[in-house]
Amino acid sequence: MRMLSNDDLSRFARHIVLRHVGGPGQQRLRAAKVLVVGAGGLGSPLLLYLAAAGIGTLGIVDDDRVSLSNLQRQVIHRLADLGRAKTDSAGDAIRALDPGIRIAPHPVRLDAANAAGLVADYDVIADGSDNFDTRYTLAEACEAARKPLVTAAVNEFHGAVTVLRPWEAAQEGGLNPRYRDLYPDKPPPGAIPTCAEAGVLGALCGLVGSLQAIEVIRQITPFGTPLIGRLLMIDALDMRFETLGYSRLD
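Numbering-wise (this note's numbering), the sequence shown opens with residue 2 and increments by one.
Given below as structure tokens:
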């Protein structure tokens, strides 16, 4: 494991003195490789906080370009980035925060043909995508590769976060649940309005993406209790947080 530099010791001082992280935990973060799928509303705060935490390698999957309507919530991008590939724009923002981070841009749409190859080289995967096809495909690829997946979603005033490690034994026996144990059937096209159709509160993306970042960090340097078999639901209308337990169906 690579030693922390003098700059690292200063940059990450608040982590190094933090109980349950410390120097060894920060070294693990610096050595870790995390793939973030989507550099949009969730991916923006997620990438920024993972970069600030000192993740050594950040892969970014997104085939979209920055548009003016993105800036209401996709805070990693700037007005000057309009028209640029989101992988490039996000990469520049991360470099400006910490030039020591290795950035691996993947300017493609994740699908069944490329998912296994994309997740293969990373330690933890985070899903900030905005469609069910990507979410189901990514969850299946991560399960097959035995890669922990931190998945989240937002819509209008609501958000949700959970962690998937379905190849491992659950505390109560059997295996941890899969994505399909939480959402057995993929909704048909048009059944759930997209953010473009129904809208989304921009600040909620910041909250949910930050919660994702915490779950990614704890997958690398363990502390507390991760959201495995638990779905954290956020209701920004009434500012309520609820946790729903779920388990393997077979």
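Glycine included, every Cβ here is placed at the ideal spot set by N, Cα and C. Owing to the predicted nature of the structure, the values given are computational and were not obtained by experimental measurement.
1) Take Pro178 and list the residues in its own chain whose beta-carbon comes closer than 7 Å to its own, dropping the five residues that flank it on each side.
2) What did DSSP end up calling Leu202 once you bin it into helix, strand or coil?
3) Please state whether DSSP places Glu169 in a helix, a strand or coil.
4) Can you tell me where the alpha helix (DSSP H) holding Gly92 begins and where it ends?
5) With burial defined as no fewer than 16 other Cβ atoms inside 10 Å of the residue's Cβ, what is the status of His16: buried or exposed?
6) Once you ignore the five residues that flank Leu98 on each side, which residues in its own chain have a CB closer than 8 Å to its CB?
7) Quick one, are the C-beta atoms of Leu111 and Val155 less than 8 Å apart?
8) In the DSSP assignment, what residue or residues form a beta bridge with Ile193?
9) In the DSSP output, what is Asp256 paired with across the bridge?
10) Does the segment 83-95 come within contact of the segment 33-41, defined as at least 3 CB pairs closer than 8 Å?
11) Nearest-angstrom Cα distance between Leu80 and Leu72?
12) Under a Cβ-count criterion, where at least 16 other Cβ atoms within 10 Å of its own Cβ denotes burial, should Thr226 be classed as buried or exposed?
13) Which one of Gly101, Arg147, Asn132, Leu139 has the shortest CA to CA distance from Gly191?
14) Are Glu216 and Leu202 touching if we call contact CB-CB under 8 Å?
15) Thr195: beta carbon under 7 Å from a heavy atom of the ligand MN?
16) Taking Phe224 as the reference, give the member of Ile102, Leu19, Pro188, Met4 with the closest Cα.
17) Excluding the 5 residues preceding and the 5 following Leu245 in the sequence, name in chain order all residues of the same chain whose CB lies nearer than 6 Å to its CB.
18) Taking His107 as part of the alpha helix (DSSP H), name the residues at either end of that continuous run.
Concretely, from the data shown:
1) Pro167, Gly230, Tyr247, Ser248, Arg249
2) coil
3) coil
4) Counting along the chain, Gly92 sits inside the alpha helix (DSSP H) bounded by residues 87-98.
5) His16 comes out buried.
6) Leu49, Ala52, Ala53
7) no
8) Paired residue(s): none; Ile193 is not in a bridge.
9) The question about residue 256 has no answer, for the chain in this structure spans 2 to 251.
10) A contact exists between the segment 83-95 and the segment 33-41.
11) 8 Å
12) exposed
13) Asn132
14) no
15) The ligand MN is not part of the structure shown, which contains no ligands of any sort.
16) Residue Leu19 holds the alpha-carbon nearest to the alpha-carbon of Phe224 among Ile102, Leu19, Pro188, Met4.
17) Leu232
18) Not the alpha helix (DSSP H): His107 falls in the beta strand (DSSP E), residues 103-107.
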